[in-house]
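Take the working numbering: the last position of the sequence shown gets the number 1825, and nothing is skipped along the way.
Yeah, the Cβ is synthetic: ideal placement off N, Cα and C, and Gly gets one too.
Worksheet: one structure, shown below.
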Amino acid sequence: MERATVDNRAVCEDEMRWCIQHSTWHMGFTSVFSSRLSRKSASHAEKDDGAMAGGEGYRNPTEVQMSQLVLPCHTNQRGELSVGQLLKWIDTTACLSAERHAGCPCVTASMDDIYFEHTISVGQVVNIKAKVNRAFNSSMEVCAVGIQVASEDLCSEKQWNVCKALATFVAHRELSKVKLKQTTPQTEEEKTEHSVAAERRRMRLLYADTIKDLLANCVIQDDLESRDCSCMVPAERTRVESVELVLPPHANHQGNTFGGQIMAWMENVATIAASRLCRAHPTLKTIEMFHFRGPSQVGDRLVLKAIVNNAFKHSMEVGVCVEAYRQGAETQRRHINSAFMTFVVLDADDQPRTLPWIRPQPGDGERRYREASARKKIRLDRKYIVSCKQTEMPISVPWDPSNQVYLSYNNVSSLKMLVTKDNWVLSSEINQVRLYTLEDDKFLSFHMEMLVQVETIQAFLLLSDLLRRPEWDKHYRSVELVQQVDEDDAIYHVISPALGSDVKPQDFVILASRRKPCDNGDPYVIALRSVTLPTHPETPAYRRGETLCSGFCFWREGDQLTKVSYYNQATPGFLNYVTTNVAGLSSEFYTTVKACEQFLLDNRSDLAPSLQTL
């Protein structure tokens, strides 16, 4: 089934424009639906944002909440809420949030990975909350919507999280171009989500390249030849093809099929394919990035195809694709969606059962088999690196080509999250150089801030070149460029002199990730964190140092005036040095910052040629 496992690449601009031209609005869904704010109260909330920001009565004006009682008609054979039904509710809630912000119809463009943590039983309540994290105004007007799903047992009053999702919507108005207003985050959580939304968008658009690079540069190992063929299930036995006729209940008032309905049909055929492998009732655990490549309307025939691509010890990947055609034009099928879903089979103790091996068909079947192994590797990297809390990650993470996008994402988003913290405290100020500190349960962080008479882009470009940092920072004795990963990311090996009572000098292997602003008001960013490379192991000559989260942010304050802020989340080996400076027992921080200022002033017209092309 070659078409069933087409590239799960990010939606390109042409595809999204086509989607806009033929699609409109998610309306008419029959559901018990409650909004946290009516349009009138939302208007009042916007007026009172200044007074209520972060306060007890504050509610995000784009926030929409849906509560559904799970009835028998919503459940599968185990009495659990069908994932397909849940996807319909999620899509509807998210779309209403996007439309509340846009003030016009919105079309689903994509939905990021969804990890299902719990099942929901009949009689329980599903609570879905969606709000717009950020709006992007480019050639495509996009709202990034965050969705949280929780379940509630009305008898015991227990509640638990089910899943989180991130959806992207395109705003569309028939007669005029849509200019989305920017969101104004108020709480620390909203500021964090707003700040990292741009990084998530970048990662989403690079997903297809990540898959291609992994397949091109890494040898995907398999043990097909060593397996007992008598215990293997032919992949062709799991193949499913089903057709659905799009009727008015499946579409909005203008005849366009609901995105949530298409996702529900995809989940249905994927479940059948998985059942044919395990001969049991499988449980859906993850969905990997739905991408809507084109629309469908009432009267279309949707052909849904699914097949098990690979079976691992306790999980299996099913590839699904959807094609649409009109009556009498079956040969002119349009590919409108694709996704990969991961299933497990649970025993009586809710533990995953061991699954049969799959025997792929020669040719395309073997290609899909190996690609599934690659996607599993990427899925684990993404879940571990992207979803993991900063405090749960080791300081140095192994670097390899398959996880570079996600490490870069984590590097930048961690710094942005540190910047958006609300409880920074001003510790000292000397000659307009300010030192702030932030204490939490696990880390002491600090940031230095100054104003420099330099254009923002010039300051950003100069400090992006870590090879020049020894010119102003005595903590960088030498810097070697180990690998130029891409235009925005590079890995450096840094030698630093010994600190305090240390006898040995330190060395660091650092990933440097830089970003230009996505919108007006965003800072330029240079994020730094430690990684491990097999080519640069620890050596007896140096004590291996580590940095968890550090870097620069640059804000334009006026013509030829830039606010430069340096942030650092102190690791244990660096803590004594930090506290000595914070307590005022040393002036090295101040001296280093002033040296940085002088470096920027002396070299503002002398940018590295390799950086001027940024």
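Legend entry - First through last residue of the alpha helix (DSSP H) which encompasses TYR1801: Taken as a continuous stretch (DSSP letters only), the alpha helix (DSSP H) holding TYR1801 covers 1799–1814.
Inset, instruction - Determine the contact status of THR1773 and GLU1666, defining contact as a CB-CB distance below 9 angstroms. - result: Their beta carbons are under 9 angstroms apart, which means THR1773 touches GLU1666 by this criterion.
Inset, instruction - Go through its chain and collect everything with a Cβ distance to GLN1296's Cβ below 6 angstroms, but skip five positions before and after it. - result: So the list reads HIS1285, once near-sequence residues are dropped.
Legend entry - Bridge partners - ASN1479, DSSP secondary structure assignment: DSSP links ASN1479 through a beta bridge to no other residue.
Inset, instruction - Whole angstroms is fine: what's the gap from GLU1499's alpha carbon to THR1319's? - result: When rounded, the distance between both Cα atoms is 16 angstroms.
Inset, instruction - Reducing DSSP to helix, strand and coil, say where PHE1380 ends up. - result: Three-state DSSP puts PHE1380 in a strand.
Inset, instruction - Would you give the residue range spanned by the alpha helix (DSSP H) that TRP1300 belongs to? - result: 1294–1313 is the extent of the alpha helix (DSSP H) around TRP1300.
Inset, instruction - Pick helix, strand or coil for PHE1671, following the three-state DSSP scheme. - result: Reduced to three states, the DSSP call for PHE1671 is helix.
Inset, instruction - Report the residue from THR1750, ASN1642, GLU1640, TRP1568 whose alpha carbon sits nearest the alpha carbon of PRO1445. - result: Checked all of THR1750, ASN1642, GLU1640, TRP1568; the closest Cα to PRO1445 is TRP1568.
Inset, instruction - For the alpha helix (DSSP H) holding GLN1615, just list the boundary residues, first then last. - result: Taken as a continuous stretch (DSSP letters only), the alpha helix (DSSP H) holding GLN1615 covers 1615–1630.
Inset, instruction - Taking the CB atoms as reference points, tell me whether TRP1683 and PHE1810 lie closer together than 9 angstroms. - result: Their beta carbons are under 9 angstroms apart, which means TRP1683 touches PHE1810 by this criterion.
Inset, instruction - Quick one: residues in its chain with C-beta nearer than 6 angstroms to the C-beta of GLN1481, no 5 flanking neighbours on either side, listed in chain order? - result: Note on identity: in this sequence residue 1481 is Ala, with Gln being the wrong assignment. Close CB contacts of ALA1481 within its chain, under the 6 angstroms cut and outside five residues either way in sequence, are with ALA1517, VAL1529, VAL1531, MET1552 (chain order).
Inset, instruction - Note down the Cα distance separating ALA1376 from GLU1401, rounded to an integer number of angstroms. - result: When rounded, the distance between both Cα atoms is 16 angstroms.
Legend entry - Spatial neighbours of TYR1647 in its chain, beta-carbon cut-off 6 angstroms, leaving aside the 5 residues before and after: Closer than 6 angstroms at the Cβ level, and outside the excluded window around TYR1647, lie TRP1635, LEU1637, HIS1658.
Inset, instruction - Count the other CB atoms, across all protein chains shown, that sit within 10 Å of the CB of SER1242; report buried if there are 16 or more and exposed otherwise. - result: Low confidence applies to SER1242: its pLDDT is 37, below 50, so where it sits in the model is not reliable, and the reading given next is rough at best. By the C-beta density criterion, SER1242 is exposed, having fewer than 16 other C-beta atoms within 10 angstroms.
Inset, instruction - Could you give the DSSP three-state label for ALA1262: helix, strand or coil? - result: Confidence is the limiting factor: at ALA1262 the pLDDT is only 40, short of 50, which leaves the residue's position unreliable, though a coordinate-based value still follows. Helix at ALA1262.
Legend entry - Inter-residue Cα distance where the pair is PRO1708 and VAL1714: Answer to the nearest angstrom: the Cα atoms are 9 angstroms apart.
Legend entry - Check whether LEU1618 and VAL1742 have beta carbons under 9 angstroms apart: Taking 9 angstroms as the Cβ cut-off, LEU1618 and VAL1742 qualify as a contacting pair.
Inset, instruction - Measuring alpha carbon to alpha carbon, tell me which of HIS1312, ALA1738, ARG1570, VAL1343 ends up nearest LYS1390. - result: Nearest C-alpha to LYS1390: HIS1312.
Inset, instruction - Examine the Cβ distances between the region 1324–1339 and the region 1396–1414 and report whether three or more of them are shorter than 8 angstroms. - result: No, because fewer than three Cβ pairs between the region 1324–1339 and the region 1396–1414 fall closer than 8 angstroms, the two stretches do not touch.
Legend entry - Bridge partner(s) assigned by DSSP for SER1689: According to DSSP, SER1689 bridges with ILE1706.
Inset, instruction - Tell me whether the beta-carbon of LEU1678 lies closer than 9 angstroms to the beta-carbon of VAL1690. - result: Contact annotation: LEU1678 and VAL1690 have beta-carbon atoms nearer than 9 angstroms.
Legend entry - Residues sharing a beta bridge with TYR1190, DSSP: A question about residue 1190 goes unanswered here, because the residues of the chain that appear run from 1212 up to 1825.
Legend entry - Nonlocal neighbours in the same chain, by C-beta distance under 6 angstroms from VAL1451, ignoring five residues either side: For VAL1451, same chain residues with a beta-carbon under 6 angstroms away, outside a window of 5 residues either side, are VAL1480, ILE1483, ALA1484, ALA1517 in chain order.
Legend entry - Short Cβ contact (9 angstroms threshold) for HIS1492 with VAL1556: Yes, the pair counts as a contact, with Cβ atoms nearer than the cut-off.
Legend entry - LYS1392 versus GLN1669: straight-line alpha-carbon distance, rounded: In a straight line, the C-alpha of LYS1392 is about 29 angstroms away from that of GLN1669.
Legend entry - Contact under 9 angstroms by Cβ, ARG1512 with TYR1536: Cβ atoms of ARG1512 and TYR1536: closer than 9 angstroms.
Inset, instruction - Count the other CB atoms, across all protein chains shown, that sit within 10 Å of the CB of GLY1268; report buried if there are 16 or more and exposed otherwise. - result: Per the 10 Å Cβ criterion, exposed.
Legend entry - Length of the line joining the Cα atoms of GLU1757 and SER1724: Rounded to whole angstroms, GLU1757 and SER1724 show a C-alpha spacing of 16 angstroms.
Legend entry - As assigned by DSSP and simplified to three states, the class of ARG1247: At ARG1247, the pLDDT of 37 sits below 50, so the modelled position is not reliable and the matter cannot be decided from this model.
Inset, instruction - Let me know the secondary structure DSSP gives PRO1681 once reduced to three states. - result: It is helical.
Legend entry - Beta-carbon proximity of ARG1411 to SER1624, cut-off 9 angstroms: Inclusion of ARG1411 and SER1624 in the CB contact set at 9 angstroms is warranted, their separation being smaller than that value.
Legend entry - Chain-order list of residues whose beta-carbon lies under 6 angstroms from that of PHE1240 (same chain, five-residue window excluded): The pLDDT assigned to PHE1240 is 35, lower than 50, so where the model puts this residue is not dependable, and the model offers no usable value.
Legend entry - Three-way DSSP call (helix, strand, coil) for HIS1464 in this model: Residue state, collapsed to three classes: coil.
Inset, instruction - Would you kindly report the start and end of the unbroken beta strand (DSSP E) that includes ARG1413? - result: Unbroken run through ARG1413 is the alpha helix (DSSP H), 1399–1416; no beta strand (DSSP E).
Legend entry - The beta strand (DSSP E) enclosing GLN1276, as first and last residue numbers: Start and end: 1275–1280.
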